[in-house]
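Novice: First, the structure itself, so that you have it in front of you.
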Amino acid sequence: MTLPEFGSGKQEWRKHLVSRRKAVPAEVREAEAQALARSAAALAWRAATVCAYVPVGSEPGSLALLDELRSAGRRVLLPVVTGAAPLDWGVYFGEDSLVPGPHGLREPSGLRLGPNAVANADAALVPALAVDQRGVRLGRGAGHYDRSLAGVSGVPLIAVVRDEELVDLLPGEPHDVRMTAALTPGGGLVTLSGM
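Counted from 1, the sequence shown has number 73 at position 73 by full-length UniProt numbering; the numbering is strictly sequential.
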């Protein structure tokens, strides 16, 4: 799907996409979250350790997705924001193991595994406002994930987006870390071309 043209500015895209997400009714977000959780079961057979995230606001996903991975016997790692980047990682043991982080995110309360934990994962679910067919991901703009994933190789990087947020083309920059796949409510796991 192609979104309306906004020129080459990432900020214009971010503003539009955030606005669109906020307009999605709660019942639609819930249905999409359930579909993503079901799709996580298909992902689970491929990965013993999955880096993921706790959705904030209107971000796609849910704790049910994380719990689905855990129920399948997978180790789930969640990011811990320690500053500008890279992200640190901790193990998710269920909703009761989450505590409010200093940046308004819910983070695992236990032992920190260090920034290199993501390099040893079997897959990483990455929050995104949109991703294009080439794997260019548009995040919120802080750069945490681009800096944290820059040295990671061989780990499938999967942008989690709504169906209409998988687009034909986004503005990209040389430092953008390319995603290898997208996870969407309607399409499940979609391999991206990387071209």
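We put the beta carbon where it would ideally sit given N, CA and C, even for glycine.
Any idea which residues DSSP pairs G90 with across the strands?
Specialist: Answer by DSSP bridge pairing, in chain order: L78 and R112.
Novice: Short check: CB of V39 to CB of G188, under 8 angstroms?
Specialist: The question names Val, but residue 39 is Ser in the sequence shown. Cβ atoms of S39 and G188: closer than 8 angstroms.
Novice: State the start and end residues of the unbroken beta strand (DSSP E) segment that holds residue 198.
Specialist: Lying before the first or after the last residue shown, residue 198 is absent from the chain, which here runs from 1 to 195.
Novice: Distance check for E12 and A123, CA to CA, integer angstroms please.
Specialist: 30 angstroms
Novice: If distances are taken between C-alpha atoms only, which option among H16, A48, P60 and P25 comes closest to D163?
Specialist: P60
Novice: From what residue to what residue does the beta strand (DSSP E) around V18 run?
Specialist: Premise fails: V18 lies in the alpha helix (DSSP H), K10 to K22, not in any beta strand (DSSP E).
Novice: Applying the 10 Å Cβ sphere with the 16-neighbour rule, what's the burial state of P144?
Specialist: Strictly speaking, residue 144 in this sequence is His, with Pro absent from that position. It counts as buried.
Novice: Inspect the CB distances between the segment 131-142 and the segment 62-78 and report whether three or more fall short of 8 angstroms.
Specialist: no
Novice: Could you tell me whether the segment 91-111 touches the segment 157-174, using the rule of 3 or more Cβ pairs below 8 angstroms?
Specialist: no
Novice: How many Å lie between V18 and R46 at the Cα?
Specialist: 31 angstroms
Novice: Should L169 be labelled buried (16 or more other beta-carbon atoms within 10 Å of its own) or exposed?
Specialist: exposed
Novice: Could you pull out every residue in the same chain whose Cβ sits closer than 7 angstroms to the Cβ of V136, ignoring the five residues on either side in sequence?
Specialist: L170, G172, D176 and R178
Novice: Use the C-beta contact count for L87: other C-beta atoms within 10 angstroms, 16 or more gives buried, fewer gives exposed.
Specialist: buried
Novice: In the DSSP assignment, find the alpha helix (DSSP H) that holds L65 and state where it starts and stops.
Specialist: L63 to S71
Novice: Between the Cα of P185 and the Cα atoms of V91, A35 and V126, which residue gives the shortest distance?
Specialist: A35
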